[in-house]
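Below is one structure; the comments refer to it alone.
Protein chains in written order, with UniProt numbering: chain L, 1 to 351; chain A, 1 to 351.
Okay, here's the thing in C-alpha cells:
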C-alpha cells in the first residue's frame, strides 16, 4: 500500500490539492481520484468495480451470512485515537462480531464535499486500510460521490460488512436467562468524552483518546472460553444504557448493574461532571457488553483480560426475572436508580 | 407494508413533521423514527440490526458471492420517473446484474439533514420497497444518521448489495473478442435529460422521464439466450461513452459504434442541442451495453426486445482488433469521430 511504505509516491495526476465537482462526474477526473486515493489501498489490483468473492466458511452446512451497514458522519473527522475511516471499519466489524459473525469483507462508499482536501482523504483511507489489516478483513469494493460545497461536511463514509456466522452459533438477546452475568470489556465513555473534548468550542483539554477498536478477535476468544454466551452488543450511540435497555426489552427480563463495578476513567467522570452528562449514555466505539451464564462468567472475564482490548474487563451486573425491560443501577450510596433509554440526544455526530 | 395499502396509519410517535438532531442520537427518538419510517418496510418483523441470511445458491460449488456499494446524492431528490430511493435500489441491483450476479439482499444507510421532511422519507422508503419487490430483492439491514442543517442536502442514501454469481458464469470486459457485437437495451440519455430538466434553474419543460429501472430480470433472460455473452456495463455516470471506453481499455481492443444505430429520443436530442451536451455522455439508470459473440447477437437482441426493459434494444457497434482502448463513432454524415472518456463532468449529482 503506497501510503504507509517508504516507496516514493507516484507523481499525482490530480490537479490541485482539493476535490472539485469534476471528481464526481464519472469521467477521467473521477478515475484519477479513485485510482490515486482509493483503489491502490482497497482492491486487489485489477479487480473490477464489483467484488467477486468465495469463502469455504460460507459453504459449511448451517453457516449463515451476516450483513450490516452504517454511515459515519463523526465531527471532527480526525480526533485523538482515530478518525472517520478507522471508526467506519471498527463500527462495521463490531456490528458483525457482536452478532457472532466472523467479518470477512467490507465495502466503503464516500460522499465528499467539494473543496475537501485530498490529503485528508489520503489519511482517512490509510487509516481504514490499517484498521482493516489489523482486524483481518478486506475492503473489497467502494464508491465515491462529490457534492457541492455546503451540501456535506468534508467527507461521510458508509461501510457495509459481510461475515459468516459459524454453524450452531446463535447469539441473540432473546436467549438471555435470569441469573446471566453482564460483562464489559473495558472502560466506558472514552469515545464520547474524546469527541466532546475535540470539538473546538468546548475548551476542554484532556488526555482521553477514543476507544475506537475492532472487537472481532476478542469476541472469538471469548466465545471459545464461554461457548454458551447468550448475546453481545457494542455500546455505541446511546452508550451502555441504551444497549442494556434494548437487551432487557428483547429478553423480557430486568437488568441490574452495580455503579461501583463500572470501569470509568477519572478523566471521563470529570468531563461528565463539568458538562452535566451521564457516562452511561456516552458513546463507545470499542466497548461491548456480553451476557453469559453464571457458570461461564469467570472464564469469559479471564479470556477478555488476556487480550489488549479486554484489559479493563469487568462484571457489571446481571439479568433478573420480573420487571421485563427495566434496567436499574445500584448506586455508590446503596440506593437504586432507574437507567432509562436515552430520550433525544446527548451529543450529535458522535460516529 | 403500511405505506402503500389502505390500512389507516398508526398514530405517529414522531413529534412534528421534520427530522431533528435527536432522531440521530441513538435514543428513544431515533428508535421511533426507525420504527415508524424504516423498519416496517425493510426488515422481516423482529429481525435484529444485523441481518442473518442463508442461500442455497451461495453454497453451490463454483458459485461466487458478488458485493457492491454506491452512495446516492441525486438532486432533485424526486424527479419524473423516480426518486433517490428508487435509483438507489436500481443502481445497486444493476451493478450486481451487469457482473452476472443474481441480486439477493440490499442494505440501505440514510444520512439525513436536520429539518428534512418526514413525509419525504416516507416516500423515498416506499419507493425503495416497491422497486426492491419488483426486482425480487430484499432490503435486509439499514442505518440512519442525522447531521445539522447545512451539512447534507435533505437525504443521501447508500445501498450495498450482495448477490450470487452462478458457477461457470464469468462476465468480464477482458473476455471481449474482436468481432463481438455491442447491444444496448434501450434509448440513451433519458435519466440525464430528466435531471437536467427537473432542476428548476433550467426552465426546460419536457415529457422525458428517467429510465431508472432494475435490469436483473433482463440480464438473466439475455444470458439464457446468449450463453457466451462476454460482458455488460450499466451506462450510468459518464454515459455510454465512458462505459465503452472502460470496456475498450479492459479488452485491449477498439470499439466502433454507429451514430445512425443509436436509440435516442427526439426530446433528448433537443435538450442536448439546447444545452450543448452530448447524449453519449448523459447518464442512464436503466440502460446497459452488452457484448456478445456475433453468432449470438440476434438471439440476445430478440431476448431483450421480448421484455419491457428491452423494448428499445439495438445493435450499436462492435469490437475491433487494433488501436487498443479507442472508441470511435461513424457519424450520420459518414465521417468518423473519436469518442473520448469524459473529462471533468457534464452534470453534478446525477445519481
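Even glycine gets a Cβ: it sits at the ideal position worked out from N, Cα and C. Treat the numbers as computed from the prediction; the structure is a model and nothing was measured.
- Spell out the partners DSSP gives residue 315 of chain A in its beta bridges. Answer by DSSP bridge pairing, in chain order: A:183.
- Put residue 338 of chain L into one of helix, strand or coil per three-state DSSP. strand
- Might you give, ordered along the chain, the residues of its own chain that have their beta carbon closer than 8 Å to the beta carbon of residue 212 of chain L, omitting 5 neighbours on each side? Close CB contacts of residue 212 of chain L within its chain, under the 8 Å cut and outside five residues either way in sequence, are with 81, 82, 86, 87, 90, 191, 285 and 286 (chain order).
- Message: By DSSP's criteria, residue 103 of chain L is part of a beta bridge. Which residues make up the other side?
- Response: L:163
- Query: Nearest to residue 350 of chain A by alpha carbon, out of A:194, A:314 and A:342?
  - Reply: With distances taken between Cα atoms, residue 350 of chain A lies closest to A:194.
- Decide if residue 1 of chain A is buried, meaning its Cβ has at least 16 other Cβ atoms within 10 Å, or exposed. Caution is warranted here: a pLDDT of 29 is assigned to residue 1 of chain A, below 50, making its placement in the model unreliable, and the coordinate value is therefore given only provisionally. Classification for residue 1 of chain A: exposed.
- Message: Looking at chain L, is there any beta carbon in it that lies within less than 8 Å of the beta carbon of residue 254 of chain A?
- Response: False, the Cβ-Cβ gap to chain L never drops below 8 Å.
- Can you tell me where the beta strand (DSSP E) with residue 256 of chain A in it begins and where it stops? 254-258
- Task: State the beta-bridge partners of residue 71 of chain A as determined by DSSP.
- Result: A:158
- Query: So what does DSSP say about residue 196 of chain A, is it helix, strand or coil?
  - Reply: helix
- Short Cβ contact (8 Å threshold) for residue 158 of chain A with residue 242 of chain A: no
- Task: Assuming residue 291 of chain L contacts residue 165 of chain L (C-beta within less than 8 Å), just tell me the rounded distance between them.
- Result: About 18 Å separates the beta carbons of residue 291 of chain L and residue 165 of chain L, which is beyond the 8 Å limit, so they are not a contact pair.
- Quick one, which of L:264, L:103 and L:120 has its alpha-carbon nearest residue 153 of chain L's? L:120
- Task: Determine contact between the stretch 129-144 of chain L and the stretch 252-268 of chain L, defined as no fewer than three beta-carbon pairs at a distance below 8 Å.
- Result: no
- Looking at the structure shown, is residue 143 of chain A part of a helix, part of a strand, or coil, going by DSSP? strand
- Item | Where residue 220 of chain A sits in the DSSP three-state scheme | helix
- Query: Which residues, in order along the stretch 189-200 of chain A, keep a beta-carbon less than 9 Å from a beta-carbon of chain L?
  - Reply: none
- Answer yes or no: does any C-beta atom of chain L fall closer than 8 Å to that of residue 102 of chain A? no
- Item | residue 337 of chain L: contacting residues in chain A (beta-carbon distance under 9 Å) | Going along chain A, no residue has its Cβ under 9 Å from residue 337 of chain L, so there is no contact; the nearest lies around 17 Å.
- Under 8 Å between C-beta atoms of residue 66 of chain A and residue 50 of chain L: yes
- Task: Taking residue 92 of chain A and residue 142 of chain L to be in contact with their CB atoms under 8 Å, please state how far apart those CB atoms are, rounded to whole angstroms.
- Result: Wrong, their Cβ atoms sit about 13 Å apart, outside the cutoff.
- Query: Secondary structure at residue 3 of chain L, three-state DSSP: helix, strand or coil?
  - Reply: Below a pLDDT of 50, predicted positions are generally treated as unreliable, and residue 3 of chain L, at 34, falls in that range; the measurement from the model is reported next regardless. Looking at residue 3 of chain L - three-state DSSP - the assignment turns out to be helix.
- Query: Taking the DSSP output, what are the residues bridged to residue 82 of chain A?
  - Reply: A:79
- Message: Looking at residue 155 of chain A: is its Cβ nearer than 8 Å to the Cβ of residue 181 of chain A?
- Response: no
- Item | Environment of residue 332 of chain L [buried if 16+ CB atoms lie within 10 Å] | exposed
- Applying the criterion that 16 or more other CB atoms from any shown protein chain within 10 Å of the CB defines a buried residue, is residue 337 of chain L buried or exposed? exposed
- Task: Could you tell me which residues DSSP pairs with residue 111 of chain A in its beta bridges?
- Result: In the DSSP secondary-structure assignment, residue 111 of chain A is bridged to A:145 and A:156.
- Message: With a threshold of 8 Å on Cβ separation, who are the neighbours of residue 95 of chain L within its own chain once the five nearest residues in sequence on each side are excluded?
- Response: If the five residues before and after residue 95 of chain L are omitted, its C-beta is found closer than 8 Å to the C-beta atoms of 68, 70, 161 and 234, all from its own chain and listed in chain order.
- Confirm, please, whether the CB-CB distance from residue 265 of chain L to residue 187 of chain L is below 8 Å. yes
- Task: Tell me whether residue 179 of chain L is buried or exposed, calling it buried when 16 or more other Cβ atoms sit within 10 Å of its Cβ.
- Result: exposed
- Message: Quick check on residue 153 of chain L - is its C-beta less than 8 Å from some C-beta in chain A?
- Response: Closer than 8 Å: yes.
- Item | As assigned by DSSP and simplified to three states, the class of residue 38 of chain L | helix
- With a 10 Å radius around its C-beta and 16 neighbouring C-beta atoms as the bar for buried, classify residue 227 of chain L as buried or exposed. Its Cβ having fewer than 16 others within 10 Å, residue 227 of chain L is exposed.
- Quick one: Cα of residue 293 of chain L to Cα of residue 248 of chain L, how far? 15 Å
- Closest by C-alpha distance to residue 230 of chain L, when choosing among L:322, L:169 and L:306: The candidate whose alpha carbon is nearest that of residue 230 of chain L is L:169.
- Query: Who does residue 233 of chain A pair with in a DSSP beta bridge?
  - Reply: A:289
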